[in-house]
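Those sequence lines, one after another, are chains A and B.
Per the working numbering, the first sequence starts with residue 1, numbered consecutively.
Per the working numbering, the second sequence starts with residue 1001, numbered consecutively.
Yeah, the Cβ is synthetic: ideal placement off N, Cα and C, and Gly gets one too.
Working notes, beginning with the structure itself.
Number of protein chains: 2
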Amino acid sequence: MTQQTTLSLEKEFLDYVKKMQHLNEAIGLMYWDLRTGAPKKGVEQRSEIIGTLSADMFAMSTSDEMKSYIDRLSKPEQADRLSDVTKKTLEEVKKEFERNAKIPPAEFKEYVILQSKAESVWEEAKNSSDFALFQPYLEKLVQFNKKFIEYWGYEGNRYNTLLDMYEPGVTVDILDEVFAKLRERIVPLLQKITESQKPETSFLFEHFPKDKQKEFSLHVLKDMGYDFDSGRLDETVHPFAIGLNPGDVRVTTKYMENDFRTAVFGTIHEGGHALYEQNISTELVGTPLATGTSMGIHESQSLFWENFVGRHKGFWKNHYSTLQQLGGQQFDRVELDDFYRAINIVEPSFIRIEADEMTYPLHIMVRYEIEKGLFNDEIEVKDLPRIWNEKMNEYLGVTPKNDAVGVLQDVHWSGGSFGYFPSYALGYIYAAQLKNAMLKDLPDFDELVESGNLTPIKEWFTAHIHQFGKMKKPIEILNDVTGEGLNPDYLIEYFEEKYSSIYSLNR
Amino acid sequence: MTQQTTLSLEKEFLDYVKKMQHLNEAIGLMYWDLRTGAPKKGVEQRSEIIGTLSADMFAMSTSDEMKSYIDRLSKPEQADRLSDVTKKTLEEVKKEFERNAKIPPAEFKEYVILQSKAESVWEEAKNSSDFALFQPYLEKLVQFNKKFIEYWGYEGNRYNTLLDMYEPGVTVDILDEVFAKLRERIVPLLQKITESQKPETSFLFEHFPKDKQKEFSLHVLKDMGYDFDSGRLDETVHPFAIGLNPGDVRVTTKYMENDFRTAVFGTIHEGGHALYEQNISTELVGTPLATGTSMGIHESQSLFWENFVGRHKGFWKNHYSTLQQLGGQQFDRVELDDFYRAINIVEPSFIRIEADEMTYPLHIMVRYEIEKGLFNDEIEVKDLPRIWNEKMNEYLGVTPKNDAVGVLQDVHWSGGSFGYFPSYALGYIYAAQLKNAMLKDLPDFDELVESGNLTPIKEWFTAHIHQFGKMKKPIEILNDVTGEGLNPDYLIEYFEEKYSSIYSLNR
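As structure tokens, then:
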């Protein structure tokens, strides 16, 4: 047989990759279904099926066939002739192949079993607020990840290898500088705020019927430009958005009748994620590039919509009367200004996922410093409860009353996800940088928000971020859009300006 | 290497088969999702994924690996040691393997393409009521199936091979006799009915709010013993029930605000299918045996619940007041007796899926005779419109006003499904036979229905039918339960008794 032409080899490779994406989409739908109303007696069997399909995907990503595609297509004489999409796809699968191939299969299997065991032990430990129960599992998870880092290699700092998995290009050096700046200016600002008078918030907790909340959520999603022909809104316990393909991006939310903020801001947040996934170029469908480029950039989209739009005064100038009509009588005697102050209350608390936008990055800082310490042998797992509480007190001025609302609150570590947390903070920082860049193209941003004309905002994001999917790395996007690298100053300035006004602080 | 032990070979085989079932369940969920609210812009991509997974399943069912399992496990020294479940599973996959393996791959591929093309042409032909458009495709589909019958072989009559795919054990000889009896006694009965006074039915078509219909549907499903922890009720265009596994069996229905019967009787019908799937022994999960044993037995369950329970006077003695409360004022001046007569109206019509229980088997008879004629070279495709209308007139006394409501009304033939229709009629016949057998164990059947205690009925079906899944063939079930073979007399007697009373006929 003669040598295979580049074109037919490329097509074969893309078909192989497409098959993996098909499995991934089927898994995604099963995941969505499990979380939006699958009958409970079918859950175990469905989880087994997700396991079967995931194992198939993993096998395909590490197969000899995959290796052969990578080897053949990486040869210079072939590589030059590949389309840009194929090149990037090859890069992605190669990275994954190498990551997976470097771990001895027996160790990986042991690790997977540990993960699943650790997650259920963590749940038990959290319920009984008993860190000692979880400690041996967390120790093993850290140990495994340290070994993996040795297999994978690292540059500069061992923790960098973990960070890179979620936010390619971000390192400890960068984050140290960023978090130092944040701490330096947010901590004193927070101090001033906690000494100021709190806004009145009791009306936030009055009864707001679920169906009316749903009506408002649908209304806002539509305003944002979310395409209901490419998605749907459902109810769940832990809200998420999921992009199965750009034509099917689903949002989920949770309605709490005694706190409408959960649904309203949750829907806007997930809607921000969904806009990203709905507007990825269809050219990328069938490749691993048809998704957000990183956790941090994804989070920048959800946070931008939630905070820069959803907590914008102009947004409520436009929507407050609708909310008043849909709610009970709770808003009848509340002026817009008071409403605005209430939904922007800043208050140190124990729980990350309930934190306001200003204290949120501080919660992340606690986790970042702990993870960095763990992987550089400066912190031991057994000391985590003490260290956690100390850091919480130092940055937020509060000490968790027990480990359930302290070191045990998040699921991430129990699944072996170390290096993930910083991407949440990066999302805030990116969002503020993007806002600054957007203002150059859309100087009338405030008017657009106030008039409800959000289309130019959505389109700006599509043009600069969404469409590219994973074709551009996060750092590339940031440079192309803002002309600079990661810079927390914009976020800090946003906080200082906004909250000095809301809390009438002397700056 | 030493020879593999039966036990490990058996386990390996069962794992292989389980993998296929996993794919099948994932496909099932995607199918359900597509029909209950999947965003329309994602449909094309999702269909492609269903195609990928279906192709995988097909490949596994005809693979060399499958052949090797079949060959090795079929050897007498192995076969004797297999568990009953494995034996039946082997039988199933062997049957499928042989059916698929006998068709040359190129021909099969051509056929699959034809099927998909024919379905869209049929839709067009139906919309424009233009049989000529569909004719060449139908001719080719028949031609292909004739060739397949030659490959597969047949006994007695070529059409038997097709019948056997849907209702193992049922033949032309059996059906000829059955349909002759039905025709002989139903046609004159229908004649008498059409000459009698029609019940008043206008109130059936008054406005009945959708959410109230849903409430009633949920209420009835619960009464039937449908387990909502193993299922859910959703809305769709063409209602169906789907068993993903016994812990996840979903019902769908359609609400028409100007005819509540669609949702009420549709839900009971699909609920009957669902009870079957929910109560299959969990021991069979992961094998192809964890589903109904045949189309006909499945239909017997849905029809039993729809007609023998749902159109029973006692059922409405129990439920009519609830329906009255939920409906508008349309039932205020309608007595129970009049309501009962209205929902049991018998009226010849053009459309099979809208037919009442008595004319329904006549619609099937038309299709049966045509299919039999086609595969025995006694009827040509080009003559179908004329033959269809003649037979409709002969059995039902009506002549379709065009081919859209005549020969083009059903999707089945466009997908190459010949031999499927008779199973609907068999469902009616089985249901009446089962009712007769049930009365021996539950002589107080009427009182149970009237008092709303439907549990013994459900449990009787589970004990005699549901639990076995495909472990028993339809004919075996019928013999075990009724002590006789297929016998249409019970259905005919049921019709004669019920409708003589409703229409005050002289018998």
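In this structure, what does DSSP give as the bridge partners for residue 245 of chain A?
A:248
Measuring alpha carbon to alpha carbon, tell me which residue in B:1030, B:1310 and B:1347 is nearest residue 1049 of chain B.
B:1030
Quick one: any contact between the region 1265 to 1272 of chain B and the region 1281 to 1292 of chain B, if contact means 3 or more CB pairs under 8 Å?
no
Can you list, in chain order, the residues of its chain with a C-beta nearer than 6 Å to that of residue 1356 of chain B? Leave out the 5 residues immediately preceding and following it.
1346
Are the CB atoms of residue 431 of chain A and residue 491 of chain A within a distance shorter than 9 Å?
yes
With 16 other CB atoms within 10 Å as the buried threshold, where does residue 325 of chain A fall?
exposed
Consult DSSP for residue 262 of chain A and reduce its assignment to one of helix, strand or coil.
helix
Name the DSSP bridge partner or partners of residue 253 of chain A?
A:235
Closest by C-alpha distance to residue 52 of chain A, when choosing among B:1311, B:1258 and B:1018
B:1018
Classify residue 1386 of chain B: buried if its beta carbon has 16 or more other beta carbons within 10 angstroms, exposed otherwise.
exposed
Endpoints, alpha helix (DSSP H) assigned at residue 15 of chain A:
6 to 34
Taking three-plus beta-carbon pairs below 8 Å as touching, is the region 363 to 377 of chain A in contact with the region 171 to 184 of chain A?
yes
Could you pull the start and end residues of the alpha helix (DSSP H) that residue 97 of chain A belongs to?
84 to 101
Tell me, please, whether the CB atom of residue 467 of chain A is closer than 9 Å to any CB atom in chain B?
no
Suppose only complete runs of 3+ residues qualify. What are the beta strand (DSSP E) ranges in the region 120 to 159 of chain A, listed by chain order?
none
So residue 219 of chain A is in the alpha helix (DSSP H); what residue range does that whole segment cover?
210 to 224
Kindly indicate which three-state DSSP category residue 397 of chain A falls into: helix, strand or coil?
coil
Interface residues of chain A facing residue 1319 of chain B [CB-CB closer than 7 Å]
Those within 7 Å of residue 1319 of chain B in chain A number zero; the least Cβ separation is about 25 Å.
Comparing alpha-carbon positions, which option in B:1303, B:1120 and B:1250 lies nearest residue 1035 of chain B?
B:1250
Three or more C-beta pairs under 8 Å: does that hold for the region 321 to 336 of chain A against the region 226 to 235 of chain A?
no
Can the beta-carbon of residue 422 of chain A be found less than 9 Å from the beta-carbon of residue 167 of chain A?
yes
Chain B partners of residue 25 of chain A, CB-CB under 8 Å?
1045, 1046 and 1049
In chain B, what lies closer than 7 Å to residue 52 of chain A by C-beta?
1019 and 1022
Is the Cβ-Cβ distance between residue 244 of chain A and residue 25 of chain A less than 9 Å?
yes
Checking 9 Å against the spacing of the C-beta atoms, do residue 481 of chain A and residue 465 of chain A come in under that value?
yes
Can you check whether the C-beta of residue 38 of chain A is within less than 9 Å of a C-beta belonging to chain B?
yes
Counting C-beta neighbours from all protein chains within 10 Å, is the total for residue 1113 of chain B 16 or more, i.e. buried, or is it exposed?
exposed
How do the region 128 to 147 of chain A and the region 181 to 195 of chain A stand: do at least 3 beta-carbon pairs fall below 8 Å, yes or no?
no
Is there contact between the region 1123 to 1141 of chain B and the region 1402 to 1419 of chain B, where contact requires at least three CB pairs shorter than 8 Å?
yes
Would DSSP call residue 307 of chain A helix, strand or coil?
helix
Cβ pair count under 8 Å reaching 3, the region 1254 to 1264 of chain B against the region 1215 to 1224 of chain B
yes
Could you tell me whether the Cβ atoms of residue 474 of chain A and residue 170 of chain A are closer together than 9 Å?
yes
Residues near residue 247 of chain A in its chain [Cβ-Cβ closer than 6 Å; skip 5 each side]:
230
What whole-angstrom Cβ distance do residue 962 of chain B and residue 1156 of chain B have, given they're in contact under 8 Å?
Look at the range of chain B in this structure, 1001 to 1507, and you will see that residue 962 of chain B is not part of it.
Using only the alpha-carbon positions, how far apart do residue 1072 of chain B and residue 68 of chain A sit?
34 Å
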